[in-house]
């Protein structure tokens, strides 16, 4: 269990360390679960942290959250594109 992260990117960074301690290479396929609207950006962070083969298992968002979550993620993707590359 990774319990130190405060962001998606940190979660992948710290998870990588835990997997390496367990003898699992970053080249091994990994799956992660997150909100359906967050899968694309989370996969980008995973690749940035060194995971080479990632798959997202999306968790469905309730209908009331589709618009706010999509808007939030759109701005987050723009931020990622501008500052995280």
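Residue numbers (our numbering): 33 to 117. By construction, the Cβ of each residue, glycine as well, lies at the ideal position given by its N, Cα and C atoms. Predicted model only: the values in this text are computed from it and were never measured.
- Residue 101 places its beta carbon less than 8 Å from that of residue 67.
- For residue 104, there is no enclosing beta strand (DSSP E); the enclosing alpha helix (DSSP H) covers residues 98-115.
- Burial is judged here by how many other beta carbons sit within 10 angstroms of a residue's own beta carbon; residue 87 has fewer than 16 and is exposed.
- Taking a C-beta distance under 8 Å as the contact criterion, residue 41 and residue 81 qualify as a contact pair.
- Judged by DSSP in its simplified three-state form, residue 45 adopts helix.
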